[in-house]
Amino acid sequence: MPADDVLVAPNILEYPYARSVGPVIGRFMTGLRDGRIFGIRASDGRVIVPPTEYDPVTSETLGEDRFVEVGQAGVVTTWAWVHQPRERHPLQRPFGWALVRLDGADTGLLHAVDAGDESRMATGMRVRVRWRDERVGEIQDIACFAPEAG
Amino acid sequence: MAEPVTRISTPMRLEYRFTPGRAASRFLRHVEQGELLGQRCPNCRKVYIPPRGACAACGVPTDEEVRVADKGTVTTFCVVNVPFYGQKIEIPYVSATILLDGADIGIFHLVQEVPAEDVHMGMRVEAVWHDERRPTLESISHFKPTGEPDAPFESYKDYV
Ligand SMILES: [Zn+2]
């Protein structure tokens, strides 16, 4: 007679998605590959980073004449500390997820901050991009942000 | 200046630890023995396979175990012509819902040893087991036609 114990097995779902990015996100990704960060100017004058294809207020199409290059450092507007990074997280040591409002931008870009310790994270802190050595045109081209010296 | 970026890769991976629970674990242990074991609802008398330990319609435990045949009737099917990542079988192939004799719910499996265009509703099929069986429905390689006359639509109309 078969045993009556309950079975357990790993069940792994994997989706190897690729997506086309279109002209607006494409420009953002191309910028990252080239070590530059682009936003887009909305109808109310705000600079949105990453750029959106449509105006968040009027819904009008935001054309390619509205791209704005922004700074490579900025301010943490909100954050959450990760004590135990997961396998696919950008850093394999404790880090902060943060919204970073880059200089010249009016919105926050979500990325990792390599602050070392939670006590070094603060709303309003200045952080700067740390680029990956080999860039291909994806958000991971920004390896992370790091606290600005001083 | 390099070409503009037009595509990004956005893979997704979800890692689960799956347990089928007590009833389906017993079912899978029996599959390892080359047997198909369902459970009958004490209220509506329907036989579920694989068993889930309860009748979803009546909300009562299903304790009575029932042997179900390893042959049955194709109630519906799909000819797969589209290649996809991770595909293990050469296309075109046929996935079908098979109402095993003695069961009241279909199981999903492959129908092979027959041209895809010849598979049809009511076709009688039987399991082709692997010699080496494990506690998984993959212990059945596929189903193949039995050669019996088609089951009349009346016999499976409540299951399509
Ligand atoms: Zn029932």
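Residue numbers (this note's numbering), protein chains in the order written: chain A, 1255 to 1404; chain B, 7 to 166. For each residue, glycine too, the CB sits at the ideal point set by N, CA and C. What you are looking at is a predicted structure, and each value in this text was computed from that prediction instead of being measured.
Own chain partners of residue i with C-beta closer than 6 Å, once the 5 adjacent residues on each side are dropped
i, result
"P67(B)", "A60"
"D1360(A)", "R1300 and V1301"
"R1278(A)", "It should be noted that the sequence gives Val, not Arg, for residue 1278(A). Taken in chain order, the residues that qualify are P1305 and E1307."
"S147(B)", "V134 and H136"
"G1293(A)", "V1301, I1302, V1303, P1305, V1322, V1324 and A1359"
"E1372(A)", "W1335"
"S15(B)", "none"
Other residues of its chain near residue i: CB distance less than 8 Å, five sequence neighbours each side excluded
i, result
"E2(B)", "The shown model of chain B, from 7 to 166, leaves out residue 2(B), and the question about it has no answer."
"K150(B)", "V117, Q118, E119, V120, V131, E132 and V134"
"R1281(A)", "F1292, P1305, E1318 and F1321"
Ligand 1 heavy atom lying under 7 Å from the CB of residue i
i, result
"N1265(A)", "no"
C-beta contact flag for residue i and residue j at 8 Å
i, j, result
"D1357(A)", "A1376(A)", "no"
"M1379(A)", "V1330(A)", "yes"
"C1398(A)", "R1389(A)", "no"
"G128(B)", "T79(B)", "yes"
"P1348(A)", "W1333(A)", "no"
"A75(B)", "D107(B)", "yes"
"A102(B)", "F90(B)", "no"
"A29(B)", "P10(B)", "no"
"G1391(A)", "A1369(A)", "no"
"R139(B)", "S1274(A)", "no"
"T152(B)", "L34(B)", "no"
"A1366(A)", "L1353(A)", "no"
"L1364(A)", "V1303(A)", "no"
"S31(B)", "L1286(A)", "no"
"A181(B)", "V85(B)", "This structure cannot settle anything about residue 181(B), because the visible part of chain B is limited to 7 through 166."
"K52(B)", "D110(B)", "yes"
"E21(B)", "P1264(A)", "yes"
Residues of its chain near residue i, where Cβ-Cβ distance is below 7 Å and the 5 sequence neighbours each way are ignored
i, result
"A1257(A)", "Residue placement at A1257(A) cannot be trusted, given a pLDDT of 48 that sits under 50; the coordinates are not used to answer."
"S1297(A)", "D1309, V1311, T1312 and E1314"
"R1295(A)", "V1301, R1320 and V1322"
"F24(B)", "none"
"M1255(A)", "With a pLDDT of only 43 at M1255(A), under 50, the local geometry of the prediction cannot be trusted, and no value is derived from it."
"Y165(B)", "T81, L105 and G112"
"A63(B)", "C50"
"R1290(A)", "E1323"
"R1382(A)", "Q1326, A1327, F1399, A1400 and E1402"
"H1337(A)", "P1348"
"D1395(A)", "L1286, R1287, W1385, R1386 and R1389"
"R1374(A)", "P1401"
"Q39(B)", "none"
"F114(B)", "S101 and T103"
heavy atom of ligand 3 below 7 Å from residue i C-beta
i, result
"G112(B)", "Ligand 3 is not part of the structure shown, which contains ligand 1 as its ligands."
Residue i at chain C interface by Cβ criterion, 8 Å
i, result
"G1280(A)", "Absent from the structure: chain C. Protein chains present are A and B."
Residues near ligand 1, CB to any non-hydrogen atom under 7 Å, in chain order?
C47(B), N49(B), C50(B), K52(B), C61(B), A63(B), C64(B) and V66(B)
Is the stretch 94 to 105 of chain B touching the stretch 30 to 44 of chain B in the sense that three or more CB pairs, one from each, lie closer than 8 Å?
no
If contact is defined by three or more beta carbon pairs under 8 Å, each pair taking one atom from either stretch, is the stretch 1266 to 1274 of chain A in contact with the stretch 1307 to 1314 of chain A?
no
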